[in-house]
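Protein chains in written order, with the numbering used here: chain G, 778 to 1047; chain Y, 778 to 1047; chain F, 10 to 256; chain W, 10 to 256.
Quick reminder that beta carbons are idealized off the backbone N, C-alpha and C, glycines included.
Every value quoted in this text rests on a predicted model; they were computed, and no experiment measured them.
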């Protein structure tokens, strides 16, 4: 059953060397700060299917040994500086992918099958750098070549959502890729803006927006826990803050200074 | 864009010989009656993943040339009499399946791939009677034998739901297999208890319960349109009526009498 | 033979015992006795501070932990998140295979049952499948099923799922997966080991001394006739009523 | 060269023309000019009673028709429900292949871009992919990309998707899938065909007479400076503002 814990206790559930699935929206930035404070190393990031600030943070903090992603970018604020530098230095094992292939790998894990077929991709150099992908002739159905990718079963999925109830049911709205991460992962850790007293599964309509507690190991309260990123209906991206990060993180020293201030600020809020 | 039409116009969109996907909950019984009144024949039923009264009705009305299903049963009311009789007579092409294999076939169509791998099944005689299924060695990922099934792309998906809005967005709650049917099908026809004036996609929470109009060709109003079956939050199964059906439909004559009264009743309500 | 209520209470109690240790048990639609067994286990665990038990009942609003449609129970089983499930069968054979399709030819079966449902899949994936069929007769318990809806063992492929036990109105059998064979574990009050062998169409192992299936103790009966009946009433009102009326 | 606002209006109008006939166009995040082109098409079609156009903009609440998470746009494309999409590229080559990964070695690329996103997939599945990259230079438009994020043509496998046109700040090219080759279609006001050939690193076909890309007519400008700016403001407030201020 889901435990409701402190942010620090939530972060402490991750162990060095584990694979960690992280999303594009519903990004647990406060938990990421708490995780960096544990001094974690050797993480294998799985971006579902891309990442921005969160991956760049973890990379800059030297917490990442490997990353599988379709892209890392700060969006409007430009390239992700620590990611770009780390690629140049060969600081981690880099596994390039394409968005639906990461989602297909998670789906395979969700369904307990070793692989998943996926449309498209043929002709891409991704097939050259992904020896774990293959083109096969479809064994049944319409006869044509199709790409197959292996299952991705993360050790931990981590995300931020607006609400959880006391039983650990989590409101994810339309963001069903968050459920997909949880189905595929061995453990799921969630931070939320607030914990509510009513049962989120109570009505057919409210239940439709919920990831059931069945998949959730632990929930921690983290108000504005996605900041400076957005959280759908709750708050917008703090574009000024992202721009400030983009400028500072161009150098390792600048990144260190930014991170240090970020961690201090989080401790003060907590 | 979705059209809002009469129940008769909705039924008239089906053509003889088409494949028709039908669900377990959210069963469009009123539309089924309207469809039978068009005198349709040669339907290829795809039960997602089983059926009860609806399949038995269509079979009894001689509208079915083929059926793919994991089961047909009246549940508490016992076996489905017209299905059972038709199997004995060899009245249609019967394709036995198992629940998750039908859902996997639809998922393949949803994803535009020719096949889908699926766990389990090995050792079942279903593999003997399904030459379109195969056991292959997993080409990537964990090396083990795995069953693959071909894509199922129905010509039409038909279901009943509580609400649609004027744009054709349909509230399906947690019953996401209804969305799965629509994603996989070439056309989707929906009947609803009521049409609402507000936008069902308006908020994150309400949107989570919605199949977008993008997938919906036509919507028709059909109050109590699942009767005598249940519609989740709206009304319960009319078990007395199902029992009455089960008794009458034991013979072809009894079925004819039941159907005739059912069609008359529907016309009077409409 | 026991009166109907006592028969059912014995089955429910036996199922709770068979489920001991599971965290999540799924129960199909129209399965009040398995559901009651799972509820009894949940109540017992609560009473003695053991791990909480989650019960998913198909078709129940209150016991529905799923939000991803029909597929979720199957995905959930594939993820190893369902520990126990129940299957029946028009035929069950001595190797543990079950037939939910029919007999007398295929596809034009002269006796046709509804179909395989999810059995071909779940039998592979749920560690503790309990075969539950009240009718104990040679036509149900056959040497070899006419159609294998779901195979009990498949040495050619690794699997975590399969039969754990077979429970009927007459007896309880354990299943040995290595030997793909049932062994008689106990006979319900009112029946003898000979009754069992006379009514079983397949070979099975019999211990030298065949114990009687233990009847529920007083504490269990209190739970069964109180809390469990109340819980059952939400999903199986007719069944709960008939149990209460038999009191 | 045109002033910034007129440049943008030309690109938006050209995109609307390229989209003529589509029912559903998807636009990536941070793509205000493609989004404006799609909005212009929608407004034009409404004005003359042509088929309604659905626009999905990633990251927009108002232009979001999806309820199944990140995967839905990809599934939707695979189902043939998306008619047009936009892709860019750090490099685009003369065969229409695009590179979103980087240059100078792999995996330790000396110039690293974000990554392939969904390009490897969508290029196969969306019938009318418009390559849109404002920078028109030999470092972007290369003979052969260093890394093929997404291949334009794959004779070995049937596909419905691929490049339809390449639009830059300087010119519009059509793509011939049979020959896997671009052909210059028009040059934007302020540039010549020689400017284009001087700044393009790959070979392409040039017609004897190279037309100028047509400027928007008055009716189009009215839409662009009124309704389209209002619609843009919801998703791209900064861009809409800068267009309004340039007036």
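So is residue i in contact with chain F if we call contact Cβ pairs under 8 Å?
i: residue 1011 (chain Y); result: no
i: residue 987 (chain G); result: yes
i: residue 984 (chain G); result: yes
i: residue 822 (chain Y); result: no
i: residue 865 (chain Y); result: yes
Below 8 Å on the Cβ atoms is my contact criterion, and I expect residue i with residue j to pass it. Report the Cβ-Cβ distance as a whole number of Å.
i: residue 34 (chain W); j: residue 107 (chain W); result: Between residue 107 (chain W) and residue 34 (chain W) the Cβ distance is about 19 Å, and since that is not below 8 Å, they are no contact.
i: residue 101 (chain F); j: residue 176 (chain F); result: About 11 Å separates the two Cβ atoms, so there is no contact after all.
i: residue 992 (chain Y); j: residue 960 (chain Y); result: 6 Å
i: residue 817 (chain G); j: residue 793 (chain G); result: 6 Å
i: residue 181 (chain W); j: residue 158 (chain W); result: The Cβ separation is near 23 Å, so there is no contact.
i: residue 995 (chain G); j: residue 782 (chain G); result: 5 Å
i: residue 28 (chain W); j: residue 47 (chain W); result: 6 Å
i: residue 847 (chain Y); j: residue 879 (chain Y); result: 6 Å
i: residue 807 (chain G); j: residue 968 (chain G); result: 6 Å
i: residue 979 (chain G); j: residue 940 (chain G); result: So it is not a contact: roughly 13 Å between Cβ atoms.
i: residue 811 (chain G); j: residue 784 (chain G); result: 5 Å
For chain Y, find out if any of its Cβ atoms is closer than 8 Å to the Cβ of residue i; answer yes or no.
i: residue 134 (chain W); result: yes
i: residue 63 (chain W); result: yes
i: residue 92 (chain W); result: no
i: residue 913 (chain G); result: yes
i: residue 780 (chain G); result: no
i: residue 919 (chain G); result: yes
i: residue 187 (chain F); result: no
Going by DSSP, what residues sit across from residue i in a beta bridge?
i: residue 976 (chain G); result: DSSP, once it has assigned bridges, lists no residue as partnering residue 976 (chain G).
i: residue 823 (chain Y); result: Y:798 and Y:845
i: residue 730 (chain G); result: Any question about residue 730 (chain G) goes unanswered here, given that chain G covers just 778 to 1047.
i: residue 913 (chain G); result: G:923
i: residue 182 (chain W); result: W:175 and W:193
Does residue i get closer than 8 Å to chain G when you measure Cβ to Cβ?
i: residue 88 (chain F); result: yes
i: residue 799 (chain Y); result: no
i: residue 217 (chain F); result: no
i: residue 931 (chain Y); result: no
i: residue 928 (chain Y); result: yes
i: residue 1046 (chain Y); result: no
i: residue 84 (chain F); result: yes
i: residue 242 (chain W); result: no
Quick check on residue i - is its C-beta less than 8 Å from some C-beta in chain W?
i: residue 916 (chain Y); result: no
i: residue 883 (chain Y); result: no
i: residue 859 (chain G); result: no
i: residue 873 (chain G); result: yes
i: residue 880 (chain G); result: yes
i: residue 922 (chain G); result: yes
i: residue 939 (chain G); result: no
i: residue 1028 (chain G); result: no
So, is the C-beta of residue i closer than 8 Å to a C-beta in chain B?
i: residue 826 (chain Y); result: Absent here is chain B; the protein component of the structure consists of chains G, Y, F and W.
For this session: Identify each residue in the region 947–980 of chain G for which the Cβ-Cβ distance to at least one residue of chain W is less than 8 Å, and report them in chain order.
Result: 951, 952, 953, 954, 955, 956 and 957
For this session: Select from the region 889–911 of chain G all residues with a C-beta closer than 7 Å to any C-beta belonging to chain F, and list them in chain order.
Result: 889
Exercise. Which full runs of the beta strand (DSSP E) of 3+ residues lie inside the region 123–179 of chain W, going along the chain?
Worked result: 137–141 and 172–176
For this session: With 8 Å as the C-beta to C-beta threshold (strictly closer), list the residues of the region 110–125 of chain W near chain G in chain order.
Result: Listed in chain order, the positions of the region 110–125 of chain W with a beta carbon within less than 8 Å of a beta carbon of chain G are 110, 111, 115, 116, 117, 118, 119, 121, 122, 123, 124 and 125.
For this session: Return the residues of the region 71–82 of chain W that lie within a Cβ-Cβ distance of less than 7 Å from chain Y, sorted by chain order.
Result: 74, 75, 76 and 77
Problem set entry | Positions along the region 992–1011 of chain G whose CB lies within less than 7 Å of some CB in chain W | none
Problem set entry | the region 827–854 of chain Y: positions lying closer than 7 Å to chain F by Cβ | 827, 846, 847, 848, 849, 850, 852 and 853
Exercise. Counting only runs that start and end within the region 947–976 of chain Y, where is the beta strand (DSSP E) found for 3 or more residues in a row?
Worked result: 964–973
Exercise. Counting only runs that start and end within the region 60–98 of chain F, where is the beta strand (DSSP E) found for 3 or more residues in a row?
Worked result: You should have 63–66 and 93–96.
Exercise. According to a CB-to-CB cut-off of less than 7 Å, which residues of the region 786–813 of chain Y neighbour chain G?
Worked result: none
Problem set entry | Residues in the region 143–161 of chain F having any Cβ partner in chain Y nearer than 7 Å | 156, 157, 158, 159 and 160
For this session: Scan the region 29–49 of chain W for residues whose Cβ lies nearer than 8 Å to a Cβ of chain G and list them as they occur along the chain.
Result: 38 and 39
Exercise. At which residue ranges does the region 184–250 of chain F contain complete beta strand (DSSP E) runs of 3 or more residues, listed in the order of the chain?
Worked result: 190–196
Exercise. What residue ranges within the region 856–886 of chain Y form continuous alpha helix (DSSP H) runs of no fewer than 4 residues, ordered along the chain?
Worked result: 858–866
For this session: Name, going along the chain, the residues of the region 161–184 of chain W whose beta-carbon falls closer than 9 Å to a beta-carbon of chain G.
Result: 161, 162, 163, 165, 166, 167, 168 and 170
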